[in-house]
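Have a look at the structure below, then the notes.
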Amino acid sequence: MMSTRRVILAAAAIALLSQPCPGLINPKLQPWHLMRSYRAVLMMAVTSKERDKAVLVVRSVSHGAFAPKAVTVTNTDEELIESFAWLAPKGKVVAFAGAVGPAAGRQDVLLYVGGGSWARARMDEQAPARWAFGGDADEGKGATSSQRLFGTFNGSVASLERLLADYARGAGYFPAEPFTQFSAKRIGQVTAPGGAAIADLNADGRLDLLACGRPVRLFCRTAAGAFEDGTARAGLTAANARSVSIADADGDGRLDLLLDRTIWRGDGKGGFRASGALPGAGGGLLSSAFVEIDGDGKPDVVLSRKGAGLAVLLNTAAGFRDATEKLGLSTAENGAGGTGYFDAGDWDGDGRTDLFYTAECGTVLYQNRDGTFEGVAIRDKGDELPALGTAAFGYVTRPAAGLFLAAGDAKLLLAEQDGDFADVTRYGNEIQDPAAGLRVAVAEDLNADGTVDLYAAGGAKGVAGFFVANRGYGSFLLEGKYAGGKVIPPAVYGTGATGLAVGDVTGDGANDVLVVGTSGAVTLLVNETLAARPVRPTASTSPDARKRARARVLTIIPRGTGARGSVVTVRDAKQRIAARRRIGGNIATGCAGPARTAIALREPSAYRIEVRFADGYVVTKALTLLPTSPRHRVLEVSRSPTRVRSHPSPGGASGRD
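Just so you know, we're using this note's numbering here: the sequence shown kicks off at 305 and counts up by one.
What follows is the structure, given as structure tokens:
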């Protein structure tokens with residue numbers, strides 16, 4: 305069938321992504337400061353435009369007071385025509401009008417027109433509805449100047465409007481300084497390294513670590529917080545694999561392992577036995593994963609094969625059956641014959657699982673109502689991502705779905721817009737910064753502030769990683785630039801990785817990262833961000849740090865059929881989406897995290913938590929978080945009545961995945 309879906313990418317997007325970021329983020333020149341520095345903040349729209357005159361109507365006033373309902377902006381300087389063209393017909397504008405302070409500045413106007421473009425104007429003191437255009441506000445400022453307004457905000461006008469509206473209601477949060485902290489804990493070593501996994505594999509209530517290799521190695525967490533080699537006790541000494549996935553494949557309530565093409569059945573006590581190879585063995589294997597495909601809640605299997613595209617094995621009453629051709633994945637436009645990694649998620653919000661395949665230029669495989677897949681290429685005018693890139697799906701641009709693609713020296717962040725794609729990379733501040741040799745990536749909240757961050761590791765020793773903290777509103781902060789490169793410990797950041805898995809191993813509410821390095825080193829990045837966060841702000845605490853200190857973290861653990869692949873949505877008292885997560889993502893390079901998620905909520909409020917299980921079954925739970933509520937709580941959501949209990953101990957959230 306002919307696709308009606310599109311990919312909206314800016315021209316030559318890939319080439320531009322290798323260019324350095326044109327402006328530093330200045331923590332002393334942020335939208336919050338501008339809001340306090342001007343007497344009125346106006347949301348405006350251009351209703352008419354001529355070469356030397358534009359009329360802007362005032363749609364709303366988000367701060368202060370401004371009497372005129374419309375403004376005429378004139379330009380008398382021919383040298384400013386190019387920047388005056390930014391005021392495009394029907395375009396939206398945010399205006400900061402009338403500087404606070406000395407009378408000389410009361411006529412100043414600062415205009416934001418989107419894409420990092422800021423302009424100045426001067427208001428007629430006797431007739432506030434008449435403004436004289438003053439040109440590019442960043443004119444003459446060097447690319448590294450901390451006074452360059454590009455570093456203040458460079459997203460869409462709509463995003464800035466949302467931020468300012470949140471500030472007006474006391475909920476604004478837009479961090480501009482690094483605050484993420486990790487330490488590195490060496491766990492062990494593997495030969496021929498591959499993927500990584502985090503799960504409670506020995507059923508003792510603590511999350512364990514598995515590293516792929518020849519053989520795989522299982523490291524079990526003890527009650528004292530140490531890790532012991534449990535490979536032999538688990539019966540895995542003969543298991544060789546480059547890819548791992550974890551789910552209850554046969555519905556017996558016990559976790560099973562998918563190691564490459566073989567399912568190892570769990571006995572519920574930490575032991576596993578091989579059950580035989582799966583069908584669909586054509587082509588050498590690149591990676592495999594349990595993925596709920598057909599909506600029955602039972603984990604199916606997706607295989608990525610070298611030179612043979614993707615294969616889907618449906619989990620039926622008669623066992624796993626090859627449905628690759630039936631689902632439309634045997635066609636060239638849907639990736640047949642390709643070589644690449646994949647991730648999974650519901651891109652268009654229709655409740656069906658879509659696939660993201662990185663072969664060639666990259667393809668999004670939408671699942672249609674009849675269960676077949678329809679491929680849409682991720683490209684623009686011939687630009688392509690290199691093969692063997694990684695994909696990380698998550699709700700990065702909350703609440704819209706986001707897809708982070710990284711391959712070699714190229715990277716893209718795509719956001720969902722009405723079912724289509726939009727390339728938002730160039731508008732995300734320091735996500736634009738150059739990177740090289742990227743191979744594996746994850747999208748998850750790595751600093752416990754409620755937004756989904758991005759971390760990509762290089763594919764070889766000596767290749768630096770790329771960690772950007774999500775500031776919200778489509779903007780990202782390359783924290784290492786301001787923290788001397790010490791956010792991710794250098795011993796891990798520059799060694800390259802074959803696998804990354806994310807989960808709260810230590811049980812404090814902050815996500816840790818298991819790294820399998822290209823050298824075979826197995827390292828746990830212990831997240832110390834939450835532990836270092838002050839419980840009570842002081843008078844000198846910045847507004848953003850104050851918000852983080854007020855945040856409360858929920859570890860949400862779905863239970864029962866369809867738990868892996870479920871989607872958790874948290875809404876506030878006004879039904880606004882405060883957070884959304886998918887359970888069981890970040891699988892692209894043969895990795896697996898636990899079937900749970902940690903969600904930080906910054907505002908004390910009455911919340912409604914909805915868990916949509918992979919078969920469509922929905923459970924909701926009301927929960928009120930107060931400033932006096934425990935900083936970290938565990939919420940178990942099953943298909944029977946839910947229960948809430950406080951976090952048990954630093955040893956980890958109890959219960960199996």
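Note that CB positions come from ideal geometry on N, CA and C, so glycine has one too. If you're wondering where the values come from, they're calculated on a predicted model, not measured in any experiment.
Nonlocal neighbours in the same chain, by C-beta distance under 6 Å from residue i, ignoring five residues either side
i: Pro379; result: A small fix is needed here, since residue 379 is Asn in this sequence, not Pro. If we look at Asn379 and ignore the five residues flanking it on each side, its Cβ neighbours are Asp356, Phe388, Phe437.
i: Arg490; result: Thr827
i: Glu670; result: Here residue 670 turns out to be Tyr, not Glu, going by the sequence shown. If we look at Tyr670 and ignore the five residues flanking it on each side, its Cβ neighbours are Asp658, Glu678.
i: Thr799; result: Lys765, Gly821
i: Ala681; result: Cys665, Thr667
i: Glu481; result: Pro331
Anticipated Cβ contact below 8 Å, residue i with residue j, distance rounded
i: Val728; j: Leu742; result: With a Cβ gap of about 18 Å, Val728 and Leu742 do not count as contacting.
i: Ala696; j: Phe677; result: Actually they do not touch by this definition, with Cβ atoms about 20 Å apart.
i: Arg434; j: Asp428; result: 4 Å
i: Phe576; j: Gly539; result: 5 Å
i: Ala507; j: Gly555; result: That belief does not hold up - the Cβ atoms of Ala507 and Gly555 are roughly 17 Å apart, past 8 Å.
i: Ala853; j: Thr845; result: 7 Å
i: Ala369; j: Ala344; result: 6 Å
i: Leu607; j: Gly639; result: That pair is no contact at about 12 Å.
i: Pro703; j: Ile881; result: 4 Å
i: Glu748; j: Val796; result: Their Cβ separation, rounded to whole angstroms, is 16 Å, which puts Glu748 and Val796 out of contact at 8 Å.
i: Val744; j: Leu804; result: 5 Å
i: Gly642; j: Ala627; result: Not quite, the Cβ-Cβ distance comes to about 18 Å (not below 8 Å), so this is no contact.
Where the alpha helix (DSSP H) through residue i begins and ends
i: Val796; result: 794-797
i: Arg466; result: 461-472
i: Phe388; result: 385-388
i: Ala288; result: This structure does not reach residue 288, given that the chain is present from 305 up to 961, and the question cannot be answered.
i: Leu633; result: Segment: none, Leu633 is in no alpha helix (DSSP H) and carries neither H nor E.
i: Glu914; result: Careful: Glu914 lies outside any alpha helix (DSSP H), inside the beta strand (DSSP E) at 909-916.
Own chain, CB closer than 7 Å to residue i, minus 5 neighbours either side, in chain order
i: Trp390; result: Val417, Ser421, Ala423
i: Ile597; result: Asp604, Val616, Leu618, Thr657
i: Gly824; result: Gln493, Val494, Thr495, Pro497, Gly517
i: Thr484; result: Leu750, Asn751, Ala773, Glu783, Val791, Thr833
i: Ala719; result: Thr701, Ala704, Gly706, Ala726, Val728
8 Å Cβ shell around residue i - same chain, five flanking residues per side excluded
i: Leu467; result: Pro335, Phe457, Gly476, Phe478, Gly776, Tyr777
i: Glu734; result: Cys325, Ile329, Val772, Phe780, Leu781, Leu782, Lys785
i: Ile887; result: Pro862, Ala867, Arg868, Gly869, Ser870, Val871, Val872, Ala899, Arg900, Thr901
i: Leu582; result: Arg565, Thr566, Ile567, Val605, Leu607, Leu617, Phe624
Which of helix, strand or coil DSSP assigns to residue i
i: Glu720; result: strand
i: Pro432; result: coil
i: Lys610; result: strand
i: Lys715; result: strand
i: Ala444; result: Position check: residue 444 holds Gly in this sequence, whereas Ala was assumed. Looking at Gly444 - three-state DSSP - the assignment turns out to be coil, as it is neither helix nor strand.
i: Pro862; result: strand
i: Asn638; result: helix
i: Ser341; result: helix
i: Trp651; result: coil
i: Lys785; result: helix
i: Gly395; result: coil
i: Thr566; result: strand
i: Gln736; result: helix
i: Leu692; result: coil
i: Ala551; result: strand
i: Glu664; result: coil
i: Ala500; result: strand
i: Gly776; result: strand
i: Gly706; result: strand
i: Cys325; result: Interpretation of Cys325 is limited by its pLDDT of 45, a score under 50 that renders its predicted location unreliable; no figure is taken from the coordinates.
i: Phe483; result: coil
i: Ala401; result: strand
i: Glu382; result: helix
Closer than 9 Å to chain C by CB, residue i
i: Ala719; result: Here chain C cannot be found, since the structure has a single protein chain.
The beta strand (DSSP E) enclosing residue i, as first and last residue numbers
i: Asp560; result: 560-563
i: Leu360; result: 357-368
i: Glu940; result: 936-941
i: Ser944; result: Element bounds for Ser944: n/a, residue is neither H nor E.
i: Glu532; result: 531-533
i: Cys524; result: 521-525
i: Val820; result: 816-821
i: Phe677; result: 677-681
i: Ser882; result: Residue identity check: residue 882 is Ala in the sequence provided, not Ser. Where Ala882 is concerned, the enclosing beta strand (DSSP E) stretches over 881-886.
i: Phe457; result: Note, Phe457: premise wrong, no beta strand (DSSP E); not H, not E.
Under 8 Å, with one C-beta from each stretch per pair, do the segment 893-901 and the segment 917-925 reach the 3-pair mark? Not touching, per the Cβ criterion.
Could you tell me whether the segment 577-592 touches the segment 542-553, using the rule of 3 or more Cβ pairs below 8 Å? Three or more pairs of CB atoms, one per stretch, sit closer than 8 Å, so the segment 577-592 contacts the segment 542-553.
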